[in-house]
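Remarks on the structure that follows.
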Amino acid sequence: MATVEITCNECEYSYYLFISMFYTNTPNFLDYLRAHGVLPTGVLCEKCELPCTLRQETNMFYCGRYVAVQKQKRKQCNYSVSLFKGTFLENVRVPPWKIGLFVNHFLQTFWDHETVYRCIHFSSKTSVDWRTYCSEVTHNWMCNQEPIGGPKISVEIDATFFVKRNPRGRQLSDVWLFCGIERESKKKIIIPLHKEGQDPQSAETLLPLIKQYIRIGSIIISDDCTAYKTLSTEGYVHKVFSHNANFEDSGIHKQTIEKQLRKIKKWSKRVGMRSENFDQYFSQYLFIDTFTENPVHQFFLETGKLYRPHGSHPRPPVYDSDEVDSLAH
Ligand SMILES: [Zn+2]
Ligand SMILES: [Zn+2]
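Read in order, the letters of the sequence shown are residues 2 to 330 in this note's numbering.
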């Protein structure tokens, strides 16, 4: 059973400061990961149920207690488990500080593989793998974003055509974005729509998204698309803006969304929208755009939620002794 203690409230490292803190410094980086809930701060022996000791040289937790087996006979408990078991760094084959630097670079709008090859000497395969791995964290965040709105809060929504893309070996497909923005705070939610069966004009596609990402009681402002017809029976106050209305009535959403779309389009030209991992890469962009102040801090908090140190998960894995031996490297 692992213990996780998140002790970092809100760190803000600039790109260069992060590099200067962790370059070649694995112990510092592991402390940083512990403070963000990515690594456990302690582990209980699964046989003795008492705290294990962490050996820094091997990054393994060992029990090593002497337990009585018979009268006057004692045996040393051989329980051990890797510090990285179940975490983001499980099976990592490069020094952990390099993963820190990789993530720091991944969370920049100027992200590229080239710098990773040249500066931390990842092979192209390692770089691609870690990009996918990191994108899974941002994708998980994107799908589980906090809903916006609430009673008396005005939220403008729209489904907007975004781009055509060509998934490898398949026909061109349209990508639409479902967007919601709080009028006052400008808090927003953006979800890409391009999966088979998703129709950006239909209630079957849009209603579940609205229910998931916009709180009941919100005042929803939309165009007169029929998909939104039943909103007022779903616990929302629904207002339709007319395209002839003055700027004050319908302008906030259009302005904010259009600015957003221009930025995403510019970004998408660089990173290749043809990839099969469209959603993942899109979520990378959204994450960076959402957490401009402290993306690395937020990223590792999200990482700890997705890859939980072993035993801190609601359904802890069970180890038998053979498995424990195989964890020893
Ligand atoms: Zn932090
Ligand atoms: Zn033990």
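A virtual CB, placed ideally from N, CA and C, is assigned to each residue, including glycine.
Cβ-heavy atom distance, residue i to ligand 1, below 7 Å
| i | result |
| --- | --- |
| E303 | no |
| E349 | Because the chain is modelled from 2 through 330, residue 349 falls outside the range shown and cannot be assessed. |
| H239 | no |
| H106 | no |
| H37 | yes |
| H114 | no |
| H298 | yes |
Residue i in three-state terms, based on DSSP
| i | result |
| --- | --- |
| R75 | strand |
| D200 | coil |
| S223 | strand |
| Y308 | coil |
| F162 | strand |
| F248 | Note that F248 has pLDDT 44, beneath the 50 cutoff, so the model's placement of it is unreliable and the number below is only indicative. If DSSP states are grouped into helix, strand and coil, F248 belongs with the helices. |
| V5 | coil |
| S186 | coil |
| R119 | helix |
| S124 | coil |
| K86 | coil |
| V1 | Here the chain has residues from 2 to 330 only, and residue 1 is not among them. |
| Y24 | coil |
Closer than 7 Å: residue i CB and nearest ligand 2 heavy atom
| i | result |
| --- | --- |
| R75 | no |
| K48 | yes |
| R66 | yes |
| C78 | yes |
Sequence-distant residues of the same chain with beta carbon closer than 7 Å to residue i, five excluded per side
| i | result |
| --- | --- |
| Y16 | N105 and Q109 |
| L31 | L40 and P97 |
| W112 | H106 |
Endpoints, the beta strand (DSSP E) within which residue i is located
| i | result |
| --- | --- |
| I192 | K189 to L194 |
| E183 | S174 to E183 |
| Y14 | Y14 -> no beta strand (DSSP E), and no H or E assigned at all. |
| Y63 | M61 to Y63 |
| T54 | T54 to R56 |
| K240 | V238 to V241 |
The alpha helix (DSSP H) enclosing residue i, as first and last residue numbers
| i | result |
| --- | --- |
| F103 | P97 to F107 |
| L31 | T27 to A36 |
| K1 | Here the chain covers residues 2 to 330 and nothing more, so residue 1 does not appear. |
| S284 | F279 to T291 |
Own chain residues within Cβ distance below 6 Å of residue i, not counting five before or after
| i | result |
| --- | --- |
| F107 | C135 |
| T304 | V39, F89 and V138 |
| S223 | I158 and Y229 |
| S284 | T139, H140 and M143 |
| H1 | The chain is shown only over 2 to 330; residue 1 falls outside these bounds and no answer can be derived. |
Nonlocal neighbours in the same chain, by C-beta distance under 8 Å from residue i, ignoring five residues either side
| i | result |
| --- | --- |
| Q281 | T133, S136, E137, T139 and H140 |
| I215 | P148, I149, G150, V156, I158, G181, I190, I221 and Y237 |
| I7 | A36, H37, G38, L302 and G305 |
| F19 | G101, L102, N105 and V297 |
| F248 | Annotation note: pLDDT 44 at F248 (below 50); position unreliable, no value reported. |
Any chain B beta carbon closer than 8 Å to residue i
| i | result |
| --- | --- |
| S125 | Absent from the structure is chain B; it holds one protein chain and no more. |
Spell out a yes or no on whether the stretch 203-216 and the stretch 143-160 are touching, meaning 3 or more CB-CB pairs, one atom from each, closer than 8 Å. yes
Just checking, does the stretch 130-148 make contact with the stretch 56-71 on the three C-beta pairs under 8 Å criterion? no
Given 8 Å, three or more beta-carbon pairs between the stretch 68-75 and the stretch 25-40: no
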